[in-house]
Amino acid sequence: MREFALPLSKADLMRVESPARYVGGEYGAIVKEDMLDELEKEGKTSYLRFAFCFPDIYEIGMSNLALQILYHVLNESPFVACERAFSPWKDMDAILREKKIPLYSMETKTPLSKFDVLGFSLGYEMCYTNVLQMLDLSGIPLLSEERGEDDPVICCGGPVTYNIEPMADFFDVVMMGEGEEMILELCEKIREYKLSKDTDHPITREEMLYNCAQIEGVYVPCFYDVSYSKATGACVKPNREGIPETVTKRIIKDLDTVSYPTNPVVSNMRVVHDRSYLEVFRGCIRGCRFCQAGFIYRPVREKSEPVLCRQGMELEKNTGYDEMGLLSLSTSDYTQFPKLATDLLDTFEGHHTSLSLPSLRLDSFSLDLMEKVQSTRKSGLTFAPEAGTQRLRDVINKNIREENIFSALELAFEGGWSTVKLYFMLGLPTETDEDVLGIADLAKRIEQLYYDVGRRTGQKMRKPEITVSTSLFIPKPFTPFQWEKQDTKEELIRKQRLLKDNLRSRNIRYAWHDFDSSVWEVVLARGDRRLSPVLLEGYKSGLFFDAWDDQFKLPQWMEILEKHGLTVEDFSREYSEEETLSWEHISVGVTKKFLLSERHKAHAETTTPSCREKCSGCGVTCFGVGECFKEKVKGGVSYAAE
Amino acid sequence: MRQSDVAKMMTMQDHQTAYVQRCTFARSGPAIYLGHLDLMTCFERAARRAQLPILYSQGYNPRPEMVFALPLGVGIETRKDYLDVSLDRPFDEEEFVKSMNTYLPQGIRILKSKAIPEPKDSIMSIVTTASYRFEAPGIRAAMEKALSFESLEVEKMAKGKLKKTDIRPLLISLSQASDGNPDAVDFYCGAGSEKNVRPDLILSSLQVYCGMDKEIAENTRVIRTGLFSGTYPRITPIDEVEVVCRNS
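First to last, the protein sequences are chains R and F.
This note's numbering numbers the first residue of the first sequence as 1 and each following residue consecutively.
This note's numbering numbers the first residue of the second sequence as 1 and each following residue consecutively.
Following this line, the structure appears as structure tokens:
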């Protein structure tokens, strides 16, 4: 591979934290030589130049599976050349601004403004302002309406784009759902536009956007208008003929045949998740009512076991990573999980490669498996009961029962485990002080169980380490709780104190999540277009990297929000079931009717079985594939501990 | 198997004979911004991709047996650095170089490799001297002036505290390599576990004692050009040092 000169001096790079973030040169990075030749000879290229942008630092972006998947999908296309770009941390941001050096791509060090498309991967709301930072550092107009024929097309995708309204003013094109097919269809339309510029009949930017809006799953915000009313909510409607009223997300029907990167870019420097990833399935058979992922990724589609084994083998060889993570929303729910785990461990025999197994259900098989894969020290066991009482677990449809937790822990304690992490949420709908105290009670009884096991078996027991972690409930679009209110910060702080005061034990540690960011997250998660000017002003006053607790400044955001005539209460309040939600013109396949019935069941403290046991009619049968069409298992699966 | 059994088995395991490849490697380009730990990981992963029969260390956290002669700091290029890679069987030298180079990231290259018996002395322990080249406007005069001082005190961070240290005794001598070029200078200095001097400390001494501009110092191209064993001037490049076998 050719080497490209960095636009920064050595002194600049030596002045920042982790300069390796900004230099590229990784094993597996792709540069299209043909394109470079064309550029050299003719000063332009017929390739569509795509900059895959991740609005957070390199170490986080390089741990992102969507980046690796789409980078390869795009580069496999004979007419697209895709490169990567990341948010520079504040030290580098300052240097780029001071020296007027435009933000550049990792591969060929090309300024992003020279690309035809910038595609942002949006995994969390708090990264929105970093999108603006990356555009700004590239000298690209921030507002979609200010961009002209010569500016790149700015698009995005990812789980938070289902309610992209707060960012609607900045994006030209939004992709809803899984991108492997859609992104290439989009590239084709944009390339037509690019190539037509040199002909007698150039396509205008508006025509190109209109063409893009014809692609299934593509949402072009400027072709929709919003009307607001206190009574009916925020209603988003197309403002011209030929634009769909509802945009339905795209899914990949067959995960066995879709492109999967078994030769990803391997970072030279340590990143957040320093391992290879094997994606096992998409979707989740459980319907925890607070969990957005559980609804937006439906229906469940599995890869077949032989395909996974082959991909796992290739990944291990091609990357050289000594750890492989099995990725899904609940790995134990993979129908052939025991076989897959055993086959992979056999394949890795003698290679010093370990398996990382997040989100496992604890039973004797998984405990055995963990003994095998954790040849090193025994790390902790993690459970996510999410709520402290059975009543509240029924409300949120977390189908885990106390008996299950205790029987699994008994096995684990007998096997020598002594570290347990418990995850809960505070502020869930219908939560009372009794539920909060239930968390403390559960933790204490687990501590008691530990000593009981020791007494019964006569084992010498170490001091146990029990960690209770609480995060804060945030009502998210496309969940049964999308209408629920969020507790005020004061109320959440009170509940957290109540819990803390009741968790006094030498063996129990309590960790809690930052309150400020949750207050803001709900605004962005359920926000509408009135937030675009707020985000713009916030960014311009120096607010970005909001996903970093030490950078996030809630008081400043509050001030700006108020200045624009809005309050947190506008978005944290309980929404009426009658009003139109600002994301209703988007469909993830799950119907509003189903979400409503789930909400009502929640308030009646009634649970809903998993998709594997019984179809509850959520609506995703419209995609015609997956778990919905499989034979139902009587008794199904017992519970979901991670 | 229970944790305690694993431990037992590991301590019982006999020492396996290692077939060592003593590699000479270079790095330039983007790879110079990697820290030493990251550089080590790059070599490990390349060896794994190449499916070479690497030996792993014993214990709870087995690592590939790779020993670097001297850590390479962030921002330093190298033309000749060394590492020992332990394999579980004899391996063709050229084949080894070819495989590794196919799988190393941009800017890191193995120049040659020599199959040696398992050495008695670790490659780290035999390094005494390094040679460097600095390239920057006016660097030769600055360096010549620095050598005329009796002592060169600079501040360095040690255990979280700033500490004064005299690096003058560690600067050995200029070499002839770049004579005549005012913007480049080649020199020998102490290196290794006993008496080591980091190039960035030399550059800060040039700022303090020779009035070198900060920006120029920070932009100086730093190239490690060799590592040696022995006492100056009787020094031998690491790859030419005769290896005493561990078992002899």
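We put the CB at the ideal spot given by N, CA and C, even for glycine.
What's the gap between the Cα of R/A234 and the Cα of R/E578?
Rounded to whole angstroms, the gap between the alpha carbons of R/A234 and R/E578 is 12 Å.
So that I know if they touch, is there some Cβ in chain R lying closer than 8 Å to that of F/D38?
It does; some Cβ of chain R falls within 8 Å.
Using a Cβ-Cβ cut-off of less than 8 Å, give me the residues of the region 404-426 of chain R that come near chain F, in sequence order.
Result list: G416.
Taking 8 Å as the cut-off, decide whether the C-beta atoms of R/A443 and R/I466 are in contact.
Result yes, Cβ atoms of R/A443 and R/I466 sit closer than 8 Å.
List the DSSP bridge partners of F/E153.
Partner residues in the beta bridge of F/E153, as assigned by DSSP, are F/D166.
For the candidate residues R/Y510, R/C628 and R/S77, whose alpha-carbon lies nearest to that of R/S259?
Ranking the options by Cα distance to R/S259, first place goes to R/S77.
Unbroken alpha helix (DSSP H) run spanning R/P338, endpoints:
It spans F337 to T347 - the alpha helix (DSSP H) in which R/P338 sits, taken as one unbroken run.
Give me the Cβ distance between R/S138 and R/P102, rounded to the nearest whole Å; I'm assuming they're in contact under 8 Å.
Right, the Cβ-Cβ distance comes to about 5 Å (below 8 Å), so this counts as a contact.
Please name the residue in R/N502, R/R497, R/E125 and R/Y210 whose C-alpha comes closest to that of R/I243.
Selection R/N502, R/R497, R/E125 and R/Y210 evaluated against R/I243 yields R/Y210 as nearest (Cα-Cα).
Using a Cβ cut-off of 9 Å, pull out every chain F residue sitting near R/Y321, in sequence order please.
Within chain F, the residues near R/Y321 are R45 and R48.
Option in F/A191, F/P137 and F/V197 with minimal Cα separation from F/V165:
According to the sequence provided, residue 165 of chain F is Thr. The question's Val does not apply to it. Per the C-alpha coordinates, the member of F/A191, F/P137 and F/V197 positioned closest to F/T165 is F/V197.
What are the boundary residues of the beta strand (DSSP E) that F/G226 is part of?
Per DSSP, F/G226 belongs to the beta strand (DSSP E) from R221 to T231.
Whose CA, out of R/S113, R/A511 and R/T248, lies closest to the CA of R/N163?
Measuring from the Cα of R/N163, the nearest candidate turns out to be R/T248.
8 Å Cβ cutoff met for R/L65 and R/Y297:
Cβ atoms of R/L65 and R/Y297: not closer than 8 Å.
DSSP state of R/Y260, grouped into three classes?
Collapsing the DSSP output to three states places R/Y260 in coil.
Among R/N507, R/T129, R/V271 and R/D172, which one has its Cα closest to the Cα of R/R21?
When R/N507, R/T129, R/V271 and R/D172 are compared, the shortest CA-CA separation from R/R21 is found for R/V271.
N-terminal and C-terminal residue of the alpha helix (DSSP H) that R/W520 is part of:
Judged by DSSP secondary structure, R/W520 falls within the alpha helix (DSSP H) whose first and last residues are F515 to A525.
Between the region 31-48 of chain F and the region 182-198 of chain F, are three or more C-beta pairs nearer than 8 Å?
Output reads no: the region 182-198 of chain F does not touch the region 31-48 of chain F.
Examine chain F for any beta-carbon lying closer than 8 Å to the beta-carbon of R/M1, and answer yes or no.
With its beta carbon less than 8 Å from one in chain F, R/M1 belongs to the interface.
Could you tell me whether the Cβ of R/P244 comes closer than 8 Å to any Cβ of chain F?
Taking Cβ atoms only, chain F never reaches closer than 8 Å to R/P244, which makes this a no.
Comparing the C-beta of F/G211 with each C-beta of chain R, is any distance below 8 Å?
Output row for F/G211: interface = no.
Any beta carbon from chain F within less than 8 Å of R/P19's own beta carbon?
It does: the Cβ of R/P19 has a partner Cβ on chain F nearer than 8 Å.
Compute the distance between the beta-carbons of R/F79 and R/Y58, then report whether it is under 8 Å.
No, these two residues do not count as a Cβ contact at 8 Å.
Name, in chain order, the residues that DSSP records as bridge partners for F/Q21.
Answer is F/V85 and F/A115.
Under the rule that 16 or more other beta-carbon atoms within 10 Å means buried, what is R/E490, buried or exposed?
The C-beta of R/E490 has fewer than 16 other C-beta atoms within 10 Å across all chains shown, which makes the residue exposed.
Measuring CB to CB, does F/T78 end up less than 8 Å from F/R224?
Yes, they are a contact pair.
With DSSP collapsed to three states, give me the class of R/F223.
DSSP places R/F223 in helix when its eight states are reduced to three.
Under a CB-based cut-off of 8 Å, is R/V266 close to chain F?
Output row for R/V266: interface = yes.
Unbroken stretches of the alpha helix (DSSP H), 4 residues or longer, contained in the region 484-561 of chain R
For the region 484-561 of chain R, the full-length alpha helix (DSSP H) segments reaching 4 residues or more read 489-501, 515-525 and 532-540 along the chain.
Apart from the five residues just before and just after R/E302, which ones in its own chain have a Cβ nearer than 6 Å to its Cβ?
Exclusion of the five residues before and after R/E302 leaves F281 as the residues of its chain whose Cβ lies within less than 6 Å of its Cβ.
Can you look up F/S193 in the DSSP assignment and give me helix, strand or coil?
Coil, per DSSP.
Assuming F/R168 contacts F/F149 under a Cβ cut-off of 8 Å, what Cβ separation, rounded to an integer in Å, is found between them?
Indeed they touch by this definition, with Cβ atoms about 6 Å apart.
Under 9 Å (Cβ pairs) to chain F, residues found in the region 5-16 of chain R
Close to chain F, meaning a Cβ-Cβ distance shorter than 9 Å, are the following residues of the region 5-16 of chain R: L6, S9, K10, A11, D12, L13, M14 and R15.
Interface flag, F/Y56 vs chain R, CB-CB below 8 Å:
With 8 Å as the cut-off, F/Y56 counts as an interface residue toward chain R.
List, from N- to C-terminal side, the beta strand (DSSP E) runs of 3 residues or more that fit wholly inside the region 178-238 of chain R.
Entirely contained in the region 178-238 of chain R, the beta strand (DSSP E) runs reaching 3 residues are, in chain order, 224-229 and 233-238.
In chain order, each beta strand (DSSP E) run of at least 3 residues that lies wholly inside the region 42-93 of chain F:
For the region 42-93 of chain F, the full-length beta strand (DSSP E) segments reaching 3 residues or more read 66-68 and 76-87 along the chain.
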